[in-house]
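Student: Chains as they are written, first to last, in the numbering used here: chain X, 3 to 483; chain P, 80 to 582.
(1) For the alpha helix (DSSP H) containing residue 206/P, list its first residue and its last residue.
(2) Short of 9 angstroms Cβ to Cβ, which residues in the stretch 69 to 91 of chain X face chain P?
(3) Excluding five sequence neighbours on each side, which residues of the same chain lie with their C-beta closer than 7 angstroms to the C-beta of residue 79/X?
(4) Using CA atoms only, rank isn't needed, just tell me which of 424/P, 414/P and 411/P is closest to residue 395/P.
(5) Take the Cβ of residue 585/P as the centre, count every other Cβ of all protein chains shown within 10 Å, and call the residue buried at 16 or more, exposed below.
(6) Note the first and the last residue of the continuous alpha helix (DSSP H) segment covering residue 474/X.
(7) List the residues of chain P that residue 395/X touches, going by C-beta distances under 8 angstroms, in chain order.
(8) Among the residues of its own chain, which have a CB less than 8 angstroms from the CB of residue 189/X, if the five just before and after it don't count?
(9) Quick one: does residue 241/X have its CB under 8 angstroms from some CB of chain P?
(10) Given this structure, state the Cα-to-Cα distance separating residue 592/P from residue 239/X, to the nearest angstrom.
(11) Might you give, ordered along the chain, the residues of its own chain that have their beta carbon closer than 7 angstroms to the beta carbon of residue 61/X, omitting 5 neighbours on each side?
(12) In whole angstroms, what separates the C-alpha of residue 488/P from that of residue 573/P?
(13) DSSP state of residue 134/P, grouped into three classes?
(14) Any beta carbon from chain X within less than 8 angstroms of residue 223/P's own beta carbon?
(15) Measure the CB-CB distance between residue 223/X and residue 286/X and report whether it falls below 8 angstroms.
(16) Going by DSSP, what residues sit across from residue 75/X in a beta bridge?
(17) Which ranges would you report for the alpha helix (DSSP H) in the stretch 415 to 472 of chain P if only whole runs of at least 4 residues count?
(18) Alpha carbon to alpha carbon, what distance is there between residue 296/P and residue 361/P?
(19) DSSP three-state label for residue 503/P, please.
(20) Using a Cβ-Cβ distance cut-off of 8 angstroms, determine whether residue 423/X contacts chain P.
(21) Are the stretch 95 to 102 of chain X and the stretch 34 to 53 of chain X in contact at 8 angstroms, needing three or more beta carbon pairs?
(22) Any beta-carbon of chain A closer than 8 angstroms to the one on residue 234/P?
(23) Going by DSSP, what residues sit across from residue 356/X in a beta bridge?
(24) So residue 360/X contacts chain P; which residues on that side make the cut at Cβ distance below 9 angstroms?
(25) Looking only at its chain, what residues have a beta carbon closer than 8 angstroms to the beta carbon of residue 144/X, apart from the 5 residues adjacent to it on each side?
(26) Quick one: does residue 249/P have its CB under 8 angstroms from some CB of chain X?
(27) Can you say whether residue 452/X is buried or exposed, counting buried as having 16 or more other CB atoms within 10 angstroms of its CB?
(28) List the residues of chain X whose Cβ lies closer than 9 angstroms to the Cβ of residue 52/P, in chain order.
(29) Can you name, in chain order, every residue of its own chain whose Cβ lies under 6 angstroms from the Cβ of residue 440/P, other than the five neighbours on each side?
(30) Just to confirm before moving on: does the CB-CB distance between residue 429/P and residue 232/P stay below 8 angstroms?
(31) Only counting the same chain, and skipping five residues up and downstream in sequence, which positions put a Cβ closer than 7 angstroms to that of residue 480/X?
(32) According to the neighbour-count rule (16 or more other Cβ atoms, all chains shown, within 10 Å of its Cβ), is residue 278/P buried or exposed?
(33) Given that residue 418/X touches chain P, what residues does it touch there, using C-beta distances under 8 angstroms?
(34) Report the rounded CA-to-CA distance for residue 334/X versus residue 466/X, giving the unit in angstroms.
(35) I'd like to know whether the C-beta atoms of residue 522/P and residue 464/P end up nearer to each other than 8 angstroms.
(36) From what residue to what residue does the alpha helix (DSSP H) around residue 142/P run?
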């Protein structure tokens, strides 16, 4: 009886996603479904839209605990879940190419895709380590299949790499949970909090939460687990790479912020360790991005770098910092999906992912080039784009955290200079003239990817010029964490 | 004057630039070129109106409201703009040099004109924004924004290894500006806001007064690294010769005439006016840097074979004179420093224009390959001699005013605890010999001697080039004869500087 109540109160969006998955499952079993494979995209689309609408129905004031404290619902989780749903809607619209290449498995793809979205939605709102592990594993298993969905050897290799790294991270995570259970004899976040209100934390606690965090750091591609990301983005299809660069990161960062504020906040050393990890990642991934000649590998490294910037601010636990992380997250989602949709458009127009193919774009296709440029320069952090405001906001939050973080801030700033170099290099390539090729590069006007590209560019500029409202919202959300 | 809109002055180039990129705009290249020139001319006249109606007691002040909001209020940022004496001089210089640069672009820029003039207008907005914004954050925004058009202007229309130089310029300046950002963030850490009204009359000194002195010095040094990359001061200068060499001539004019002044402007606004206590402590050491700059860059200029590099190194040397003037902390020296900013902007613009003309005709920049051009290009030779006189500091030209006041100020500095300073400053006077040496080497090698047969067919100045050179020269002569008209405008801000930072 109680659980029915819970479902009605906070679980409606997830239930709608589950129903959509069931519809896909039935359709995938039908005999001649290859004839109407195109419909699959729109089923997922409408399911996600319905789920987003039903978000307004969810109870979040006052904070609501469901399923015997396994799931929590408050303003913060609702907001992050909405961000996940919006980016999932955008990602679904980008999946045209991969679906067209695997027509007989189109519905299967959407089953896996929606399971991943569902898993990340639950991951944001978990309230005990068991549910957290289950949703993380659901997300990972869905990711294995999504990565290997592309044709060819390279995607299978990528998937296998992802599996192995993920298994290591998961087992370390479980080890940490078991330590924590050994100390506190509970896996529930609230109970562990109460335990540490009364007891002082010992070094075993730091080790256990470090192990737990490493499971999350894997998803963010942060230092000890950063090596997988380049090959995997290259191997998976571009729409899946766009998915990987946004949705798991939003979910994991959303959860990590909550954990850092409550459950991980009893250790003094832990934020410093995270800071060191984040600094190493910022330098490593930006340096490795310089050498890449493939745009997907470059974006992989850049997404890892951006995750490290956000981890940086999140690890210096304060509510103000969390609001900057949320703001950065929103702008990052918009800019990154903009860049990925541009790459998808190029791929659909028979361009490879090599950077030198980008020459001439400024002259043959100025509007496309402008939108692409806005997203790229936003990632680099040039004024008038939302990326600049986000970076300033993030850096000012880190600076406000205290003088002892100044050396880390310096590292971060140097990493951003390096990042600037490779983003601007892409921009420069588009303005270069290549006399040898004069074929005109055409965008299919009806393509949903181009609409997304332009929308992302417009929002990037609008947020860059008048960010006030969104910053206010982020502050409110962060205060309700 | 209420009817002079500051927003219009700053953002009208941006609006025109956006207009250029709209698909409905006329794409005929001649039309775009003439349209830009006309616009820049009108803009210059409008900027002159600000000069004419300037009243030292009432600063021009304006605020940009977008959708009913000014800046980002939740972060304490106001997009406010103000013009006082210093800003006024720099704004008028900016408008003038952009006008000159647009005129001189005709013979040099031959392709992709729409993009070129669009970027030029975008650059104008960002430079004007740097010189007028009265909020640190907005200042930093424009400071960063200026990099992008400049990068593309150098890399797409440059010669030689333009792309490499443009990237070097970008990375150096971005590296410097991130130190600037660190300094600004440190300030915000201590004052809980990003809102500093930096225009001298609005300066919120209370915030800074609360800081401990060692923190002030740290912030001051961080900001200085940012400004000294732009200025440039010796260890941070290596981007400048490359960028100047490979940029097209109209862009070299802007680079030398305005972008280097941005560093000096920021130095005055932040290091001197906002953090005067730290500046008082650091000034003697900065004088040493300035003198090293003057002598070392001057000697480098003498040894160059590339004619553009001679002018580039000479501008580094001259920026040393500006820094020396600003660090003297007395009225003559500071006035001299600011006047030298203006005079070097004008002189260097003219010299880069001349070098651009020579390169355009002869297709070489090697000083050994060129000789005897005086017989075929007498007008150019006349202008070159005048400009090099101005650069050396011959009286009745503006270069003399700046140098004379600077050295007058430098010799009367009173830093009693630093006995080595007088020796250092006296050694700076050798710049007069050195600058004469490299300028006369430049003039002599190019215009005198026997002419090579291949140069005998070269044409003299075209009408465009003549107009540009003669108008720059007339400004130089006007302020050289009548320096008080310039000094009166900057006098109020000089008094503020001497009052806050003087000893």
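Even glycine gets a Cβ: it sits at the ideal position worked out from N, Cα and C. Here the structure is a predicted model, which means the values were calculated and not measured.
Tutor: Considering the structure as presented:
(1) Here the alpha helix (DSSP H) through residue 206/P covers 192 to 211.
(2) Per Cβ criterion, the list is empty.
(3) Setting aside the 5 residues that flank it on each side, residue 79/X is surrounded in the same chain by 126 and 127, each with a C-beta closer than 7 angstroms to its C-beta; the list follows chain order.
(4) Cα-wise, what sits closest to residue 395/P is 424/P.
(5) Because chain P spans 80 through 582 in this model, residue 585/P falls outside it and cannot be assessed.
(6) For residue 474/X, the enclosing alpha helix (DSSP H) starts and ends at 470 to 481.
(7) By Cβ distance, chain P contributes 154.
(8) When the five nearest sequence neighbours on each side are left out, the beta carbons in the same chain lying within less than 8 angstroms of the beta carbon of residue 189/X are those of 130, 131, 132, 179, 182 and 183, in order along the chain.
(9) Not an interface residue.
(10) Missing from the structure shown is residue 592/P; chain P here goes from 80 to 582 and no further.
(11) Contacts found: 11, 12 and 75.
(12) Those two C-alpha atoms are separated by around 13 angstroms.
(13) Strand.
(14) Interface annotation, residue 223/P: in contact with chain X, CB-CB separation under 8 angstroms.
(15) Not in contact: residue 223/X and residue 286/X (Cβ atoms no closer than 8 angstroms).
(16) Its beta-bridge partners are 66/X.
(17) Scanning the stretch 415 to 472 of chain P for uninterrupted alpha helix (DSSP H) segments of 4 residues or longer gives 457 to 471, listed from N- to C-terminal end.
(18) Counting only the Cα atoms, residue 296/P lies some 8 angstroms from residue 361/P.
(19) Residue 503/P: helix per DSSP, three-state reduction.
(20) For residue 423/X, at least one C-beta of chain P is nearer than 8 angstroms to its own C-beta.
(21) A contact exists between the stretch 95 to 102 of chain X and the stretch 34 to 53 of chain X.
(22) Checking the listed chains, one finds no chain A in this structure; the protein chains it contains are X and P.
(23) In the DSSP output, where bridge partners are listed per residue, residue 356/X has 296/X.
(24) Simply none; closest approach about 15 angstroms.
(25) Here the set comprises 114, 115, 117, 118 and 121.
(26) Taking Cβ atoms only, chain X reaches closer than 8 angstroms to residue 249/P, which makes this a yes.
(27) With 16 or more neighbouring CB atoms inside 10 Å of its own CB, residue 452/X falls in the buried class.
(28) Given that chain P is displayed from residue 80 to residue 582, the structure contains no residue 52/P and the question cannot be resolved.
(29) The answer, listed in chain order, is 537.
(30) Their beta carbons are not under 8 angstroms apart, which means residue 429/P does not touch residue 232/P by this criterion.
(31) The answer, listed in chain order, is 321, 324, 325 and 328.
(32) Residue confidence for residue 278/P is low, a pLDDT of 43 falling below 50, so the modelled location carries little weight; the figure read from the coordinates is stated next. Per the 10 Å Cβ criterion, buried.
(33) Per Cβ cutoff of 8 angstroms: 257.
(34) Here the alpha carbon of residue 334/X sits roughly 12 angstroms from the alpha carbon of residue 466/X.
(35) It is a contact, given that the beta carbons lie within the stated cut-off.
(36) No alpha helix (DSSP H) contains residue 142/P, which is instead part of the beta strand (DSSP E) from 139 to 142.
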